[in-house]
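Report on the structure given below.
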Amino acid sequence: MPELPEVEVTRLSFADRIAGARIESLRMGKPLRWPLGVEPERLVGQQVLGVRRRGKYLLIDLSDGLLLLHLGMSGSLSFGQNLGPPGVHDHCDLRTSQGVLRLNDPRRFGAVVFADGENAPVAQKLLGRLGVEPLGVAFDLQQFVTALKGRKAPIKQVLLAGDVVVGVGNIYASEALFLAGIRPTTRACRISRVRVAGLREAIQNVLARAVEKGGSTLRDFSNAQGESGYFQLEAMVYGREGAPCRVCGTPIKAIRQGQRSTFFCQVCQKS
DNA sequence: AAAAGCCCCTGGATGC
DNA sequence: TGCATCCAGGGGCTTT
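Just so we're aligned: the first sequence equals residues 6 to 276 in the working numbering.
Below is the structure:
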């Protein structure tokens with residue numbers, strides 16, 4: 006579910022409320038994608054310094070270590086004082102002096118991993134080869150051009166891979182390519198500099214807009230306060246197979262790329 | 001080095 | 001109503 010906007014919206018919905026809290030206990034439920042890596046007691050008594058985001062990971066800075074959190078495909082967080090008893094898909098309860106942070110994740114592709122610091126091997130394994138942050142100043146045009154020059158794969162899949170630029174998942178890849186007028190199947194290395202510049206802006210715009218709208222709630226996403234997102238209502242192509250293009254009226258096409266669905270307009274995205 | 005496939009897992013929608 | 005099949009926001013790992 007969660008791409009950069011959903012993860013960022015989630016972060017914004019509880020970061021201030023959990024900052025400064027003291028950890029009282031950590032309960033882990035069914036196994037997630039990776040083990041926590043330490044005994045839960047390791048965290049007890051530590052203070053939460055803040056919450057950052059790197060790509061689709063949330064980084065909870067502790068007084069002695071770091072908690073890496075990933076929502077996978079179906080994860081969502083809740084933070085509150087009265088969450089009630091954990092349900093069958095609540096696989097992590099981090100109880101703090103300011104409330105409980107709970108991960109609900111039916112498919113369990115998500116993860117909660119403890120690392121001694123950002124340079125610890127486990128943190129490096131997960132964060133080490135992530136690409137540039139698309140909403141940061143480091144998302145430089147020349148670097149983007151150079152990176153894409155070295156890729157013969159379809160641009161949609163290069164965006165999804167996350168080693169050039171992070172945070173762009175299946176929804177926003179289709180959306181950004183539509184805004185840039187680029188066909189998803191075009192080889193990354195074949196896109197002209199001018200069009201790469203347009204793609205960079207499209208990525209920035211679509212992600213920023215999605216954050217503003219609270220993310221996309223397709224099935225059941227909500228932020229840590231339980232609020233839904235609304236970006237899906239203004240999606241130009243994602244999930245709109247057969248529906249008229251909002252620009253030219255041509256029916257939107259759906260194809261498969263690397264076992265994921267891709268949506269585009271064959272008129273607005275000629276190449 | 002890059003690209004392509006394969007999984008991990010549960011649940012909802014669809015079709016017979 | 002019951003059951004099989006397909007699909008879903010991700011991404012690390014293995015194999016070409």
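Think of the CB as a built atom: it goes at the ideal place given N, C-alpha and C, for glycine as much as any other residue. The structure presented is a predicted model; accordingly, all values stated were derived computationally and were not measured.
Item	Value
Is the beta carbon of D69 closer than 8 Å to that of L54?	no
Out of L72, V14 and A24, point me to the one whose CA is closest to G42's CA.	L72
Within 10 angstroms of its Cβ, does Q8 collect 16 or more other Cβ (buried), or is it exposed?	The question names Gln, but residue 8 in the sequence shown is Glu. E8 should be labelled buried.
Helix, strand or coil: how does DSSP classify Y243 here?	coil
What does the alpha-carbon distance come out to for the pair R100 and L31?	6 Å
Which of helix, strand or coil does DSSP assign to D95?	strand
Helix, strand or coil, according to DSSP, for T267 in the structure here?	strand
Any contact between the region 106 to 126 and the region 134 to 141? By contact I mean 3 or more CB pairs, one from each, below 8 Å.	no
So Y177 is in the alpha helix (DSSP H); what residue range does that whole segment cover?	N175 to A185
Compare the beta carbon distance of L82 and R107 with 8 Å and say whether it is the shorter of the two.	yes
Could you check what DSSP says for I196 in three-state terms: helix, strand or coil?	coil
Could you tell me which residues DSSP puts in a beta bridge with Y62?	R59 and H75
So for S102, helix, strand or coil by DSSP?	coil
Taking A152 as the reference, give the member of A193, I187 and P189 with the closest Cα.	A193
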